[in-house]
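Chains as they are written, first to last, in the numbering used here: chain A, 817 to 1010; chain B, -18 to 456.
Cβ atoms here follow ideal geometry from the backbone N, Cα and C, with glycine treated the same way.
See structure below.
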Amino acid sequence: MKPFTRLHSCTAVLAHENIDTDRIIPARFLTTTGREGLGRHAFHDWRYQADGSPDPDFPLNHPAAQGCEILVAGRNFGCGSSREHAPWALLDYGIRAVLSSEIADIFRSNALRNGLLAVVLGEAEHRYLLKHPHIELAIDIAAGTIELPDGGRFRFEIDAFARHCLLQGVDQLGFLQQHAPQIAAFENQRGAHA
Amino acid sequence: MSANKRTLLDKLWDSHQVLAETKSTPGILYIDLHLIHEVTSPQAFDELRMRGLPVRRPDRVLATLDHSTPTTPTDDLGQHLYANAEAAAQVQQLEINCMQFGVKLHGWSSEHRGIVHVIGPELGATQPGMTIVCGDSHTTTHGAFGALAFGIGTTEVGHVLATQCLLQRKPKNFAIHVEGKLPAETSAKDLALHLIGKIGVNGGTGYVLEFRGSAIRALDMEQRMTLCNMSIEAGARAALIAPDETTFAYLKGRPMAPQGEAWDRALAHWRALPSDEGASYDREQRFDAADVRPTISYGTHPGMVTTLHAPVPAPRDLQERRALEYMHVESGKPMAGMPVDLVFLGSCTNSRLGDLRAAAELLRGRRIASRVRMLVVPGSVAVQREAEAEGLDQVFRAAGAEWREPGCSMCIAMNGDLAKPGQLVVSTSNRNFEGRQGPGARTVLASPRIAAASALAGCIADPLQFARAQTEQAA
Ligand code: SF4
Chain A
817 MKPFTRLHSC
827 TAVLAHENID
837 TDRIIPARFL
847 TTTGREGLGR
857 HAFHDWRYQA
867 DGSPDPDFPL
877 NHPAAQGCEI
887 LVAGRNFGCG
897 SSREHAPWAL
907 LDYGIRAVLS
917 SEIADIFRSN
927 ALRNGLLAVV
937 LGEAEHRYLL
947 KHPHIELAID
957 IAAGTIELPD
967 GGRFRFEIDA
977 FARHCLLQGV
987 DQLGFLQQHA
997 PQIAAFENQR
1007 GAHA
Chain B
-18 MSANKRTLLD
-8 KLWDSHQVLA
2 ETKSTPGILY
12 IDLHLIHEVT
22 SPQAFDELRM
32 RGLPVRRPDR
42 VLATLDHSTP
52 TTPTDDLGQH
62 LYANAEAAAQ
72 VQQLEINCMQ
82 FGVKLHGWSS
92 EHRGIVHVIG
102 PELGATQPGM
112 TIVCGDSHTT
122 THGAFGALAF
132 GIGTTEVGHV
142 LATQCLLQRK
152 PKNFAIHVEG
162 KLPAETSAKD
172 LALHLIGKIG
182 VNGGTGYVLE
192 FRGSAIRALD
202 MEQRMTLCNM
212 SIEAGARAAL
222 IAPDETTFAY
232 LKGRPMAPQG
242 EAWDRALAHW
252 RALPSDEGAS
262 YDREQRFDAA
272 DVRPTISYGT
282 HPGMVTTLHA
292 PVPAPRDLQE
302 RRALEYMHVE
312 SGKPMAGMPV
322 DLVFLGSCTN
332 SRLGDLRAAA
342 ELLRGRRIAS
352 RVRMLVVPGS
362 VAVQREAEAE
372 GLDQVFRAAG
382 AEWREPGCSM
392 CIAMNGDLAK
402 PGQLVVSTSN
412 RNFEGRQGPG
422 ARTVLASPRI
432 AAASALAGCI
442 ADPLQFARAQ
452 TEQAA
């Protein structure tokens, strides 16, 4: 994973609450054995009309949302399944950060592991961003700050280890492997049960 | 918090902690059982290949085919009729991966193939005191045995394959007490929907739920699995029910359960697992089982629930309004009576023998309404065989339903079994998200009894109406 320290981009807003993983990527696109190219299926049934053309009512199809790498989403984003295809699809679509007042557990952990910044904001900050779509934000992961166009600043917290991994581009499997001796010792100590 | 009084979660966590978490690093948690299936594992095996790593403990991995497998019989040449070439390739990839990495696969020829959360318990692979993971959010099902079981992403599937461990922070503990007796014509499914309606689809986020109380103790293992299965729909990381005599009786003699002396040793260990008297939880909430009514969903997430005859509540916000529009549901009117196109009896929530029996009891000697198509998809080959031995397949067939091969089928609709746009499906599965059962499909979550009654009536119906007729007939 490449180190990820700052992000400067505009916001696209999906204000809907409880956007589930089936909406992020419908199950019929999960028959893949790879992880590339899923961006074209991101929000598929929401984004396209029946004839395959982009649905102008879908907020991410709005001209001002084009190229925006920050997704501001309604409460409880990413609920539902554990499919990692959801963050893969968002990243491939071009989203690099998701901001909400609540993000479902498995989605959040999948996102962070793939270098998709998933940030839980306070209610007031969240409301502000929902009400002001398509604004430029500067996110500083090390400092834990989001800078608004008017110079205002929001603070955010993410898990210390997740932040470390993003900033340094840490390979978490490598980190686990470094503890192979402890894992072996644990197995031995459990003896017959292990 | 008293230091030496521990909850079930505490005990499970402590006994699997390879390394304790600190402020700056998560803990390392050892995983006893890793279940895998074709959809969320291929990229994890690729990662291992890329790094030149073996599977650390192939003896702790169980694989099966369930999500993208067809539920129709093979053709004249014995070929499986996949929905598309990609689905076939995905299944084939799992077969190759299991062979190359030495993992046991319950594939097409196995007597134990089935939905991953149905076969684990059925084989006795799922046991109290274990940590269990799977690249699937409904892994919460296995918590019914007093095992810490949760869904993980594909990257983590790779972590477990390579190291048998996960980087984890300990979740918080949420005790849900359900006391009293569930009324007649209600089941664990009604209880699950009732509870999600109360605590909300995000009410469990960050928590492991522990279901406690007399109503929980009274549930059999299949019902406990149904309840734990649905807890992810409240956003919970996992669910737990303390193991007891019901648990042990279910497990005894199953192929992968300990035998002989090992059984006695295991039993002693399992009996020590329940939360200590006076152990404290981060959060607690009490419910009365007597309040539960036959419950169904009316919206597009599992928290939008109502009882059969109650008027659908008015939308509280724009999204609920949109959900009602999508569902063609009118607030102020009851769901009962709404015309039904499809009935799906299946999924890891409700595809076990008890579920099939409950539905068959209503269908016996009757015909489903002509407007309705009903799919009955047993959870595993073993369930299928047992049901056939009892003649349940004949009951379903005679009623006009389709008796299918085991798999996830219309729960996730990625194998070709799906509803057409606009069709209303009464489904015993767990998710009613927009498009979950096919683009534009409208899903109503319900128990097997409500599903069967609705198939008979051709509209959403109360099982009581048919159960009563049955008793009268008998009298
Ligand atoms: S039956 Fe449905 S919920 Fe269960 S494992 Fe299969 S797709 Fe997932």
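Residue burial annotation: A/A1001 is exposed, with fewer than 16 other C-beta atoms found within 10 angstroms of its C-beta.
For B/H119, the shortest separation between its Cβ and any heavy atom of the ligand SF4 lies below 7 Å. By the neighbour-count criterion, in which 16 or more other beta carbons inside 10 Å mark a residue as buried, A/S898 falls on the buried side. With at least 16 other beta carbons inside 10 angstroms of its own, B/E137 counts as buried.
Taking a contact to require three or more Cβ pairs closer than 8 Å, the segment 62 to 80 of chain B and the segment 321 to 330 of chain B do not qualify as touching. Here B/E214 is near B/V182, since their CB atoms are less than 8 Å apart. Within the DSSP bridge table, the entry for B/D269 names B/E160 as partners. For a cut-off of 8 Å, the C-beta gap from B/S361 to B/E103 is around 6 Å, short enough to register as a contact. Counting only runs of 4 or more residues that sit fully inside the segment 923 to 1002 of chain A, the alpha helix (DSSP H) segments are 939 to 947, 976 to 984 and 988 to 993, in chain order.
For the segment 214 to 225 of chain B, the residues whose beta carbon sits under 8 Å from a beta carbon of chain A are, in order, G216 and R218. Taking the Cα positions, B/A1 is about 29 Å away from A/N892. For B/H98, the Cβ falls inside the 7 Å cut-off from some heavy atom of the ligand SF4. Residue pairing by DSSP places A/V914 opposite A/L887 and A/A934 in a beta bridge.
Those residues of the segment 833 to 860 of chain A placed with their C-beta closer than 9 Å to a C-beta in chain B are E833, N834, D836, T837, D838, R839, P842, A843, R844, F845, L846, T847, T848, T849, G850, R851 and H860, ordered along the chain.
The ligand SF4 has a heavy atom closer than 7 Å to the beta-carbon of B/C329. In terms of beta-carbon proximity, B/F325 stays away from the interface with chain A, with every pair separated by 8 Å or more. Taking the C-beta atoms as reference points, B/H18 is found no nearer than 8 Å to B/R41. Out of B/A44, B/V293, B/P224 and B/A340, the CA that lies nearest to the CA of B/T276 is found in B/V293. Bridge partners of A/Y864 according to DSSP: A/P870. Interface criterion met: the Cβ of A/L992 is under 8 Å from a Cβ in chain B.
At a Cβ-Cβ threshold of 8 Å, B/I157 and B/R205 do not count as neighbours.
For B/S312, same chain residues with a beta-carbon under 8 Å away, outside a window of 5 residues either side, are P292, V293, P294, A295, P296 and L305 in chain order. Within chain B, no C-beta atom comes less than 9 Å from the C-beta of A/N877; the nearest is roughly 17 Å away. Taking 8 Å as the CB threshold, A/I922 lines the interface with chain B. Identification of chain B residues near A/S897 by a Cβ-Cβ cut-off of 7 Å yields S118, ordered along the chain. Contacts with chain B at 8 Å (Cβ-Cβ) include A/I999. Within chain B, the residues placing a beta-carbon under 8 Å from that of A/Q988 are T136, H140 and L148, ordered along the chain.
The residue among A/T837, A/L830 and A/A828 with its C-alpha nearest the C-alpha of A/D921 is A/T837.
Close CB contacts of B/T424 within its chain, under the 7 Å cut and outside five residues either way in sequence, are with V406, S408, N413, R417 and Q418 (chain order). Shortest Cα-Cα distance from B/G388 to any of B/A130, B/D47 and B/K(-8) involves B/D47. Taking one beta carbon from each stretch, the segment 278 to 289 of chain B and the segment 363 to 371 of chain B have fewer than 3 pairs nearer than 8 Å; the two do not touch.
The C-alpha of B/T3 is placed about 54 Å away from the C-alpha of B/L373. Annotation: B/F131 to B/A380 spans about 38 Å, alpha carbon to alpha carbon. Within chain B, the C-beta atoms nearer than 7 Å to that of A/A976 come from K4 and S5, in chain order. Annotation: the continuous beta strand (DSSP E) that includes B/Y11 extends over G8 to Y11. Not one beta carbon of chain A lies nearer than 8 Å to the beta carbon of B/Y279.
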